[in-house]
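There are 4 protein chains.
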Amino acid sequence: MSIEPAHHHGLDGRFADVRAFSLAICEPLQTEDFVVQTMPDVSPTKWHLAHTTWFFETFVLKRFEPEFKPAHPAFEVLFNSYYNGVGEQFSRPHRGLLARPTVAEVFAYREDVDARVAALLKRSDDPEMLGVVELGLHHEQQHQELMLTDLKHVFGFNPLHPVYKPRVIDSTETASLGWWSMPAGVQQIGTSMDEGFCWDNETPEHRVFVDAFQLADRLTTNAEYLEFIEDGGYEDPNLWLSEGWSKIQESGWAAPLYWRHQDGEWLNFTLSGLREVNPAEPVCHVSYFEADAFARWAGYRLPTEAEWELVASSHRISGNFASEGHLHPIAGSGQMFGDVWEWTSSSYAPYPGYKPLPGTLGEYNGKFMANQYVLRGGSCATPAASHVRATYRNFFPTAARWQFSGIRLASS
Amino acid sequence: MSIEPAHHHGLDGRFADVRAFSLAICEPLQTEDFVVQTMPDVSPTKWHLAHTTWFFETFVLKRFEPEFKPAHPAFEVLFNSYYNGVGEQFSRPHRGLLARPTVAEVFAYREDVDARVAALLKRSDDPEMLGVVELGLHHEQQHQELMLTDLKHVFGFNPLHPVYKPRVIDSTETASLGWWSMPAGVQQIGTSMDEGFCWDNETPEHRVFVDAFQLADRLTTNAEYLEFIEDGGYEDPNLWLSEGWSKIQESGWAAPLYWRHQDGEWLNFTLSGLREVNPAEPVCHVSYFEADAFARWAGYRLPTEAEWELVASSHRISGNFASEGHLHPIAGSGQMFGDVWEWTSSSYAPYPGYKPLPGTLGEYNGKFMANQYVLRGGSCATPAASHVRATYRNFFPTAARWQFSGIRLASS
Amino acid sequence: MSIEPAHHHGLDGRFADVRAFSLAICEPLQTEDFVVQTMPDVSPTKWHLAHTTWFFETFVLKRFEPEFKPAHPAFEVLFNSYYNGVGEQFSRPHRGLLARPTVAEVFAYREDVDARVAALLKRSDDPEMLGVVELGLHHEQQHQELMLTDLKHVFGFNPLHPVYKPRVIDSTETASLGWWSMPAGVQQIGTSMDEGFCWDNETPEHRVFVDAFQLADRLTTNAEYLEFIEDGGYEDPNLWLSEGWSKIQESGWAAPLYWRHQDGEWLNFTLSGLREVNPAEPVCHVSYFEADAFARWAGYRLPTEAEWELVASSHRISGNFASEGHLHPIAGSGQMFGDVWEWTSSSYAPYPGYKPLPGTLGEYNGKFMANQYVLRGGSCATPAASHVRATYRNFFPTAARWQFSGIRLASS
Amino acid sequence: MSIEPAHHHGLDGRFADVRAFSLAICEPLQTEDFVVQTMPDVSPTKWHLAHTTWFFETFVLKRFEPEFKPAHPAFEVLFNSYYNGVGEQFSRPHRGLLARPTVAEVFAYREDVDARVAALLKRSDDPEMLGVVELGLHHEQQHQELMLTDLKHVFGFNPLHPVYKPRVIDSTETASLGWWSMPAGVQQIGTSMDEGFCWDNETPEHRVFVDAFQLADRLTTNAEYLEFIEDGGYEDPNLWLSEGWSKIQESGWAAPLYWRHQDGEWLNFTLSGLREVNPAEPVCHVSYFEADAFARWAGYRLPTEAEWELVASSHRISGNFASEGHLHPIAGSGQMFGDVWEWTSSSYAPYPGYKPLPGTLGEYNGKFMANQYVLRGGSCATPAASHVRATYRNFFPTAARWQFSGIRLASS
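Residue numbers (our numbering), protein chains in the order written: chain D, 1042 to 1453; chain H, 1042 to 1453; chain Y, 1042 to 1453; chain G, 1042 to 1453.
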């Protein structure tokens, strides 16, 4: 995570653009939609809008604005997510119990902070401040993805099946499945801070030994996953990690999140409402346990993050991102970027020689490096191509399903 | 609960008035305030508005309107509280997870049903229908009280301490404590269906033997309760029912709900915001366990419901109800009606010979007759004097504190 | 609970007898059987043996023995059940996690305390001490019943279905159902301390008004209860108290505890092992909720405790107690005493004018007077006729099923 | 896990020896000690004895014994730990609720199965059978370690602080801390099935790139860990993984398991009873979270499992194992084997090309490969040097503390 950006040029414009995109995401919403938290992992849209603003207030204004005064004395605690270095935090599972501040008040909070950051950007080119603004924008983009995944959960929970945005495209062509191969050898993965923005968890660049492997040239489809279901995949303990099998017993999982079996038909709740499962689309909203079990059933395995990165680094970063407006994975081939985050078999761990950022911002990544698995490539809810990289490491716990997470197979 | 009202006269007017009062309660609210559910006992305002409407739709329109069509196919389940006779119910603790229908849609639902009921009332005087409308209005009044108590919980949970309505009055005069006496004897309590509206649980009128007793002529005050606290009341197991003592250990209760000790001062969150505890006011928001422990500490006991009713039946029904606009108990004397619901030591049980209403409406009262205790007299959140009676039996579990519940002492 | 017994005569003999009966209960046991706690309500046999000994050590020896020294410094906490006046208590749900003291050590503890109490009884006739010894014996008898009910739970949980004691009798004759009637009137119930031993909760004698009623002259049988089951009793919410219905949903109750449906047959686990349900026997191990639902289904109701007592007071106290050796209810008529504890519809509450015993022993009864219901008459696990009375009030929470609890119907 | 052992020679003798060692572990026990389960992770000694016997019955006798009959029809379910391939399993957290079978019955079960396996070993040299017997012995040795760790938990929970075995040695000499270094390079780790017994998770041998690193030449001591505690280690969120910090808040961890602060002194419960913390001993019973936080505080890190193995492979396998009789870590240097299991920073994952054993025995290792971390080197509760190897991979979840788990530091 480089906090010394090479160019000030355009940062003010990008600040305005990125901040505006958060509001654009809210356009289809009713006030009520901003408030609700359907599970502890989900945050209300209102909270995301305020928290990303708090980030700029806390790490930029408080530090770099002369005569800083907090926008509201209670916000420091209310909108702190997990920065112990800043102080106490309002309890995460209770974010949906806050009627106030209202949505209008949160919008006003954004406007106030935006104006003050814009003013700062005009009169200062302190590289440290610019670096934190840059970081804040990438942080905001991550929350834009969460806003979409969390809204999907809020809408998906609702018996009225609200439509966030009508569907744009619906391809039913399935690409055939091919394989990319790489020979064994010592390779470089990761990146360093001097090649444009990156998160600290992508550093440092380092050597790994990777055996010869093959990686699927497209994502696993709904059709393939349905075969797994129909073959009794969810009923055969031999296919599952022990903890995954317990989870199935306890939660009754029998299909990806948002699928439901109704009158003999498989339906899929999407941000465009409830519709039939499209067999050609990449399967989505599966946990690590499901991805792993599917791969075992199929006679393959999940790739390691090193394998994934070695292939991805030769691909152009383009694909089905939120900026395309589909907000749902679409049938295709390649798809190393966009559509769905791809589970890897790699536990989220520090790279050899990893050093977190100094100070409170060092809490961003390092402290989550246990009991989570790495996902790669971005999804249809990731704001834009500019937000991802071949080295980008996303991470979620093994049972998480509400992200746009899918499967790419590998073999040795 | 008489379902054959003597007079149609004025029912249409009362229907309009009572329904309008629910909306009047919402006037100070922001949209966000309608959505939140801060604990399973609390329902969102939006839900109360829809459920009371569902009551008229289900028990009046569905049955008496020719060519009835449901307002929305999902509402039958969504807004059914606990009527198994009607069908499935949406899970109570999840009411606050529903972004939709929106508040505006719920208002539209009300308008639609109101118009249809008003039309029915114009063209029919079927006494059975009129009886159910009458019942629906009393049901709505009960929910008006719940709207206020639930909003207080939603606001009281919020770190911004929202003000629902500025304070009107603040008396600090404490009345001296006197006692009303009654000699021993066989007495009649309860009522019968032919003396105006009543709930089925108030019937039948029946004989009880009551020993000589004395009843306090005013409510226990905050000053008196503070003495109990300062005397270590919450730390002495000998004062508590065993289950109450466990509750204290587990929940850390050390004062009534909404009280907090801050910088050496006792503050009290009210619908008019956070302010100092007023020693002259009746203590409020205490559980049965606390009422019982206080009485034991004070050397008295709680009255039985029969004792309470025998005294109350000679009092005029007037007092500090929601219609007065204080929405908080005020210092005074007498107070048999209004201010706070008064815990009795009587377990909520059927009167000898009790028969629930026939059909689904019979689920209203009888099925709750276990592990709850009777409260009497109405509170400052009870809509109006017209809603209570000396025979009125309210009931809550022993640990409930979010109702406006207080203490009146008795002795033998 | 009279603590000034009229006669010292025979107390030493009774002390020896009652204490010996606790050991007699243990005769069929293996060491392992003394240790296990299958649910929080159940205590290990070892614990019962030690706790009843602790009772004599704490309330007799500690107070009346010159130069008292505790048997073991840790036992004061380990074997205190709920006497806050004595001090801290070892966590109840964790009693089954204690490998030590061993059974042999607990037996040695009993021997030590027995010898010391016997010595005291020889040299002193302090009426206060004698009163506490008397009380301790009744306390021990209550625990003898619990030892049997808890062992039944421990054995009933075990897939090997251990037999505690082979069956002695198996009657299949069902008595016809008749009714005892009483006219309306003011009656005396309860008792006073000067008529031999009683618990404080049975006092004072006091007047109640009781309407005319009828009480069944025998207990509800398994055959009758089976009819309720087969008529869909457990699937019809209209028959149930709301809290009972929730309990069914949550726990899957579909028959009394210890019944299981296997290969089309109803089996019943008894202290004599698993066998077929005997239709003629009184139904047993039902909760208050089940008793209440059955009565509603049958078109009757449960009696109040006053009604029960008025009838029982004219019956001789004899019946199927543990002393008979069946340890299971048997078919018959009358049965006001023994066989099964009979649920009444009366919430467990203080009688008017009730005063708990002074000091720590006052914690015995009063503090449980909320959210429990009164059962009357003793059961086949109650040690002997000498332990019960027409005025005896047992009490358990509404969902408790592991006691030998059954049903007697009443009507108005 | 080689299931085709090179030599039959001596397997019958080893079978007898290993089985006898399980009984030797039980010698100091009272019957009650065999029954109790103090937390879900702990199994009763009785269960371990039966389960290891069940293993031989199920995987050897059932398959290879002509005219096999099960020892008891209920044991197949009761003593199956987690083999879905065999069938249903008795609920793990309820193992401590089983009074029966008795300890004596379990001993008889062992004798029966032992005799039958011994007979088989005499008359058959089917290499597959011999392989499973070999496997069963290693399985039994793993349970011998668990018997000791579980008994420690059972005794450690007990307020009477039972002594399992008096202390033998108590060294207070701390070795100075030195470092072993290795240069960067591609290395081989893991092993193959043809070099004597190993578990399947240790295979296959494969190449990894390892950067230059240093590994501490002794374990972290209690003195060093105390410094961490006294420096506020448990109060500084910056030292902890996020999940570890939550765990501290929730569980109140403030020292290793079995430490308690009493009258200003740190005490340590050991299998030889409660005594003062010995500063020179290796710290023990810490979770992954604590090991990781300590390393961060000390300015170092935990080693990866590859780093650990590369150093260990040049060490002789000897040390403080259970066979030495201390059953507690002792001060020293080197200590790559024995004393305490050493947490590595490596998530437990399949080696590249890993294949689980075919059939039900394939459930042994592979299905646990998520959300656990690798520990290396064996402990003072590991039966003997013959049970461990440089390639041996033990694994536990990040919050586990009841194993003899400790810390060895590393740096880059």
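Even for Gly, the Cβ is constructed at its ideal location relative to N, Cα and C.
Keep in mind the model is a prediction, meaning the values are calculated, not measured.
First through last residue of the beta strand (DSSP E) which encompasses residue i
i: W1240 of chain Y; result: Per DSSP, W1240 of chain Y belongs to no beta strand (DSSP E) and is neither H nor E.
i: F1436 of chain D; result: 1435–1437
i: N1309 of chain G; result: 1306–1311
i: Q1303 of chain H; result: 1300–1303
Cut-off 7 Å between Cβ atoms - residues of its own chain near residue i, not counting five sequence neighbours on either side
i: L1178 of chain D; result: R1055, F1056, V1059
i: A1061 of chain Y; result: none
i: F1096 of chain Y; result: G1177, H1180
i: D1153 of chain Y; result: A1112
i: E1045 of chain Y; result: At E1045 of chain Y the pLDDT is 40, less than 50, meaning the model places this residue with poor confidence; the figure from the coordinates comes in the next sentence. Only P1168, G1172 meet the Cβ criterion.
Own chain, CB closer than 6 Å to residue i, minus 5 neighbours either side, in chain order
i: Y1341 of chain H; result: L1450, S1452
i: D1241 of chain Y; result: M1042, P1397, L1398, N1406
i: N1121 of chain H; result: V1127, Q1130
Contact with chain A by residue i, beta-carbon distance below 8 Å
i: D1074 of chain H; result: In the structure shown, chain A cannot be found, because the protein chains are D, H, Y and G.
Bridge partner(s) assigned by DSSP for residue i
i: R1248 of chain G; result: G:Q1229
i: M1223 of chain D; result: D:F1254
i: M1331 of chain D; result: Per the sequence shown, the amino acid found at residue 1331 of chain D is Glu instead of Met. BP columns for E1331 of chain D are empty, so no partner.
i: N1361 of chain H; result: H:G1379
i: A1451 of chain H; result: H:L1256, H:R1342
i: G1314 of chain D; result: D:T1311
i: V1415 of chain H; result: H:F1436
i: P1323 of chain D; result: D:T1262
i: W1384 of chain Y; result: Y:L1416
Span of the alpha helix (DSSP H) around residue i
i: Y1150 of chain H; result: 1144–1164
i: G1172 of chain D; result: 1168–1198
i: L1267 of chain H; result: 1263–1271
i: G1274 of chain D; result: Premise fails: G1274 of chain D is in no alpha helix (DSSP H) and is neither H nor E.
C-beta atoms of residue i and residue j nearer than 8 Å
i: A1372 of chain H; j: A1321 of chain H; result: yes
i: A1080 of chain D; j: H1202 of chain D; result: Correcting the residue identity first, residue 1080 of chain D is Met in this sequence and not Ala. The answer is no: Cβ separation not under 8 Å.
i: C1421 of chain G; j: H1356 of chain G; result: no
i: E1306 of chain Y; j: T1432 of chain Y; result: no
i: W1300 of chain D; j: I1289 of chain D; result: no
i: V1101 of chain D; j: L1052 of chain D; result: no
i: V1318 of chain G; j: G1447 of chain G; result: no
i: E1383 of chain H; j: R1417 of chain H; result: yes
i: M1410 of chain H; j: A1440 of chain H; result: no
Under 7 Å, CB to CB, which of the residues in the region 1140–1154 of chain Y have a partner in chain H?
Here the close residues number zero.
Residues of the region 1268–1283 of chain Y with Cβ closer than 8 Å to any Cβ of chain H, in chain order:
P1278, N1279, W1281, L1282, S1283
The region 1105–1130 of chain Y: which residues have C-beta closer than 9 Å to a C-beta of chain G, in chain order?
Against chain G - using a Cβ distance shorter than 9 Å - the residues of the region 1105–1130 of chain Y are H1113, A1115, V1118, L1119.
Residues of the region 1402–1417 of chain D in Cβ contact with chain G at a cutoff of 7 Å, in chain order, please.
K1408, F1409, M1410, A1411, N1412
For the region 1183–1209 of chain D, which residues have a CB atom closer than 8 Å to at least one CB atom of chain H, in sequence order?
V1195, F1196, F1198, N1199, P1200, L1201, P1203
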